[in-house]
Each structure stands twice: as C-alpha cells, then as structure tokens.
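This report refers to the structure that appears directly beneath it.
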Amino acid sequence: MKQMDQTIKNKGGRPKKHLKKDCRVSVRCSYIQRKAIQAKAKSVKFSVSEYLLKMGLTGNIDRREKVLPKEVLQLIGTLNHTAANLNQIAKKRNGIEPFTAFDRANLLAQSADLKTLTETINNYLK
1056 MKQMDQTIKN
1066 KGGRPKKHLK
1076 KDCRVSVRCS
1086 YIQRKAIQAK
1096 AKSVKFSVSE
1106 YLLKMGLTGN
1116 IDRREKVLPK
1126 EVLQLIGTLN
1136 HTAANLNQIA
1146 KKRNGIEPFT
1156 AFDRANLLAQ
1166 SADLKTLTET
1176 INNYLK
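Written out as structure tokens, the structure is:
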C-alpha cells in the first residue's frame, strides 16, 4: 500500500483567497455618468470596481491619501539628494576615471551629511 501521508510540495504562485469574488454586477449608465464615476474613483485612488463596491456597501469612501509632515518630506528630499551624490562618486570610483583627493573629500562630506541626517531622523522619531 502506498504511503498516504506524503507531504504536498508548495507549487508557489499566488495563495488562494478565503473569500472568492466570483459574482458580477452590471450597471447600465450613460457615457457622461460613466465618466463621472471614473473621475470620482480616480480622485479617491480606487479602481471603478472598488469604488462602486465601497459606495454600494457603505455609502461613503475614506480617502487613501496619507499626508506626510513637511519635515519628513524635507528629510526624504535631502536623503535622495545625498544618495544621488554618493551614486555618482561610486560610479566614478568603479569606472575608468581616477579617484582624486577632491572626490575623497566629497565622499567624507557626504558621509558626514548622512550621519547628521540619521541623527535628525532619530530625533524626529523620539
């Protein structure tokens, strides 16, 4: 008799959903109404299907926008700028061009800026 307690290997792929959405609801509307629905769905960053489902079930929509504080946006901008500078230095270092004393000084300044930025982020989070 063959062994029935064999373990089933995970074949990968997307996991099965517990609640499958297999029913479809059609809505008839005019072209102008359709465009208005699409515009409202886009304004709250939903697909038309998600928008109509939420409106039908709850009657209101919670906006998905998460507004970051001004300080966080400034820190992100500074971090992006510093990362771009470091990337240029690394490209020059790994390429054919020689790494000069000016580049070394620039690298030290960028690393100091990163340390200051991390301290600022840590202080903001406290």
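Per the working numbering, residue 1056 is the first one in the sequence shown, and the count goes up by one each step. Note that the Cβ used here is the ideal one computed from N, Cα and C, for glycine as well.
Where S1104 sits in the DSSP three-state scheme: Three-state DSSP puts S1104 in a helix.
Between the C-alpha atoms of G1150 and Q1093, what's the straight-line distance to the nearest angstrom? Rounded to the nearest angstrom, the two C-alpha atoms are 49 Å apart.
Does A1167 pass the burial test, meaning 16 or more other C-beta atoms within 10 Å, or should it be called exposed? A1167 should be labelled exposed.
How many angstroms separate the CA atom of L1240 from the CA atom of L1169? Because residue 1240 is not part of the residues shown, which for the chain are 1056 to 1181, the question remains open.
C-alpha distance - H1073 paired with Q1129, whole-angstrom precision: Going from the Cα of H1073 to the Cα of Q1129 covers about 42 Å.
Is V1127 helix, strand or coil by DSSP? Correct three-state label for V1127: helix.
Quick one: what does DSSP say L1134 is sitting in, helix, strand or coil? In this structure, L1134 counts as helix in the three-state DSSP scheme.
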